[in-house]
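Enquirer:
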Amino acid sequence: MIAIIAGMQRSGSTFSFNVARELLEARGGVSVFSTNAFDEALDASMNSNNLIIKTHAPDHFTNLLLKKNALPCICTIRKPEDAIASWMRTFEFSLEESVAAYEGWLAWHRQMSKHVLNIDYDEIERTPLLAVLKIGRYLLRDMKINEIIQIWWQFRKSTVYKKTQGLQRETHEIVDMGFSYYDKRTFFHRRHVSSLEMTSAHEFLTQQQIAFVRQELKEYVDVAGNYHW
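The sequence shown maps to residues 175 to 403 in my numbering.
#1: Give the straight-line distance between the Cα atoms of D396 and E347, rounded to the nearest whole angstrom.
#2: Under a Cβ-count criterion, where at least 16 other Cβ atoms within 10 Å of its own Cβ denotes burial, should L180 be classed as buried or exposed?
#3: In this structure, how does DSSP classify E394 when only helix, strand and coil are distinguished?
#4: Going straight from the alpha carbon of V387 to that of A244, what length do you get?
#5: Given a cut-off of 8 Å on the beta-carbon distance, is the pair I178 and P232 in contact?
#6: Tell me, please, which residues DSSP counts as bridged to Y401.
#7: Could you tell me which residues DSSP pairs with F207 in its beta bridges?
#8: Considering just the uninterrupted stretch of the beta strand (DSSP E) at D233, what are its terminal residues?
#9: Do K337 and H289 have their C-beta atoms within less than 8 Å of each other?
#10: Mind pulling the alpha helix (DSSP H) runs of 4 or more residues that sit fully within the region 252-316?
#11: By DSSP, does T360 sit in helix, in strand, or in coil?
#12: According to the neighbour-count rule (16 or more other Cβ atoms, all chains shown, within 10 Å of its Cβ), is A281 buried or exposed?
#13: What are the partner residues of I179, as DSSP defines its beta bridges?
#14: Within the same chain, show all residues whose beta-carbon is closer than 8 Å to that of Y312, passing over the 5 residues directly before and after it, in chain order.
#15: Could you round the C-beta distance between M182 and T229 to whole angstroms and report it? I think they count as a contact, below 8 Å.
#16: What residues in its chain sit with their C-beta under 7 Å from that of L269, if we drop five residues either side in the sequence?
#17: Please go through the same chain and pick out, in chain order, the residues whose beta-carbon is closer than 8 Å to the beta-carbon of N333, but skip the five residues on each side of it.
#18: Cβ of R252 within 8 Å of Cβ of R184?
#19: Just reading off the alpha helix (DSSP H) that L197 is part of, what are its end residues?
#20: With a 10 Å radius around its C-beta and 16 neighbouring C-beta atoms as the bar for buried, classify D256 as buried or exposed.
#21: For K336, which three-state DSSP category applies?
#22: Given a threshold of 16 other Cβ atoms within 10 Å of its Cβ, counted over all protein chains shown, does N400 qualify as buried or as exposed?
#23: Return helix, strand or coil for F378, following the three-state DSSP convention.
#24: When the distance is taken between beta carbons, is P254 closer than 8 Å to L150?
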C-alpha cells in the first residue's frame, strides 16, 4: 500500500501519520518519507511492502492519483488561525510567511477534499481513540480493536508530550532541519506538543493579527475564521 498524509500544518497530521505507520508496519513493514516528490519516495522504497509519504504540498503526479481515487490520503484540518498561531509559536516563522503557507494548503485542499479522508483537529483532541479507529477503517479491513487501543495509548497527547520533551538535536535518531529537529521514525519534533490543553489563536496573536489572517484567507474562511470543507 501507498498512503499519503497531507494534513494542514499543526493540525494533527503527525498523529495521523503515526497511526498509519503503526498499522502498516505491522503488515509487512513500511518505508516513510517526508517529501513532496512521489517519484523520489517510490524509488527509495522499492524493498518495502508499504510506503507512507508525509507532505503538506503533494506534487502534480500525486494529485493526479488522488483525483482518480487511486491512493488513500488522510487530511487533518484545524481552524486556520489557531494552526497558524501554533506554527508561529513552534517554528518562529513570521505571520506573513505563515499565512502564505496556509493559503497554499487551503487552495490545495479545496480541490482535493472530496478525494481524501478528512479528520477535524477537535476530533483528535477530544476523542483520539475514535480518530484512530476512523483512520484504521479507512486504510484496512483486518484491524483488531486491541491494536487500535494500543496505538491510541502510544500516541495520546500526554504520552507524546513526555516523549518530545527529551528530544536532543545531537542524537542519531534525530533529523536536524536547522530551524527545528525531529525524530526520524515518528516525525515528532521539538515542542511538538506545547501544552496538554487545547489552545487558540487568541492566546498568542493580537486581535489585529487575527484580523489580518482572516482578511488574507477570506476566500477560505468565514467571518469567524472557520474553514468549512
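Glycine included, C-beta positions come from ideal geometry on N, C-alpha and C.
Note that the coordinates shown come from a computational prediction; the quantities given were computed from them, not determined experimentally.
Expert: According to the data block:
#1: 42 Å
#2: In the sequence under discussion, the amino acid at residue 180 is Ala, which differs from the Leu named in the question. Buried, by the Cβ-count rule.
#3: In the sequence under discussion, the amino acid at residue 394 is Tyr, which differs from the Glu named in the question. Y394 falls in the coil class under three-state DSSP.
#4: 34 Å
#5: yes
#6: V395
#7: I227
#8: Note, D233: premise wrong, no beta strand (DSSP E); not H, not E.
#9: no
#10: 254-265, 269-286, 295-300 and 302-313
#11: coil
#12: exposed
#13: K228 and I248
#14: P246, I248 and L291
#15: About 12 Å; that fails the 8 Å criterion.
#16: M262, Q383 and F386
#17: Checking the sequence, you will find Thr at residue 333 rather than Asn. Here the set comprises W327.
#18: yes
#19: S187 to E199
#20: buried
#21: helix
#22: exposed
#23: coil
#24: Shown here, the chain extends from 175 to 403; a query on residue 150 therefore has no answer.
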